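Take a look at the structure below.
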Amino acid sequence: MSVNYSLALMSSKPGNKSAAKLYYAKAQANGEITMDEMAEDIAYATSLTDGDALNTIRALIKQINKNLAAGKIVRLENFGSFQLQLSSKGAKNEKEFTPNNITAANVQFRPGKPIKAATRAGDGGLTFKRVPKLGETSQTDGNGSGSDGGIEENPLG
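First residue of the sequence shown? That's 93 in my numbering, and the numbers climb one at a time after it.
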């Protein structure tokens, strides 16, 4: 598998205007897949119909939501686990802290070993391919000379 990326010039220390600006990789999506398409793929790989697979995925999403709302960690075996993570405003002491201090609840996903393995470089894992940014037709190598942007690179190994 190859992950497309482009480069973005950003501060090496966000918030510090005098910090050096360096180029960083930004993943570029290569399309998207819908639940219907995944259900079709699952149906093809199993004895389920497309509808059965889609209904199973929908039921799983409802169960994840229900159990996260109940404060549980949702562990899906080797796939990974989901857990709520809270953001809040600080209070001077415990007595002053109320639920109104909580500003956001986000879902944290911790991938299981097979999912983590899919993000490793080499040996059937990921490779990286530089592509132009949206609206850009070619890239430079820092010396002003063009690059085809199609060279597969593997910065992780």
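Where a beta carbon is used, it is the ideal one built from N, C-alpha and C, also for glycine.
Note that the coordinates shown come from a computational prediction; the quantities given were computed from them, not determined experimentally.
Determine the contact status of residue i and residue j, defining contact as a CB-CB distance below 8 Å.
| i | j | result |
| --- | --- | --- |
| Gly-172 | Ile-207 | yes |
| Val-95 | Phe-174 | no |
| Met-130 | Ile-149 | yes |
| Ser-179 | Thr-195 | yes |
| Gln-177 | Asn-192 | no |
Starting from residue i, follow the beta strand (DSSP E) in both directions and report where the run begins and ends.
| i | result |
| --- | --- |
| Gly-163 | Per DSSP, Gly-163 belongs to no beta strand (DSSP E) and is neither H nor E. |
Drop a sphere of 10 angstroms on the beta-carbon of residue i, count the other beta-carbons inside from all chains shown, and report buried for 16 or more, exposed for fewer.
| i | result |
| --- | --- |
| Leu-99 | buried |
| Val-166 | buried |
| Ala-183 | exposed |
| Ala-145 | buried |
| Gly-234 | Its pLDDT being 45, under 50, Gly-234 is placed unreliably in this model, and the value from its coordinates should be taken loosely. Its Cβ having fewer than 16 others within 10 Å, Gly-234 is exposed. |
| Gly-249 | In this prediction, Gly-249 has a pLDDT of 42, which is less than 50 and means its spatial position is unreliable; what the coordinates show is noted afterwards. By the neighbour-count rule (16 or more Cβ atoms within 10 Å), Gly-249 is not buried but exposed. |
For residue i, write down the residues that DSSP places opposite it in a beta bridge.
| i | result |
| --- | --- |
| Asn-96 | Gln-120, Lys-221 |
| Asn-198 | Gln-177 |
| Met-127 | None; Met-127 has no bridge partner. |
| Tyr-331 | Past the boundaries of the shown model lies residue 331; the chain is included only from 93 to 249, so the question cannot be answered. |
| Pro-203 | Gly-172 |
Assuming the contact rule is C-beta atoms closer than 8 Å, residue i and residue j should be a hit. Round their C-beta distance to whole Å, please.
| i | j | result |
| --- | --- | --- |
| Asn-157 | Lys-205 | Not confirmed; about 25 Å, so no contact. |
| Leu-212 | Tyr-97 | Before going further, note that residue 212 is Arg rather than Leu in the sequence given. Their Cβ separation, rounded to whole angstroms, is 16 Å, which puts Arg-212 and Tyr-97 out of contact at 8 Å. |
| Lys-113 | Met-102 | 6 Å |
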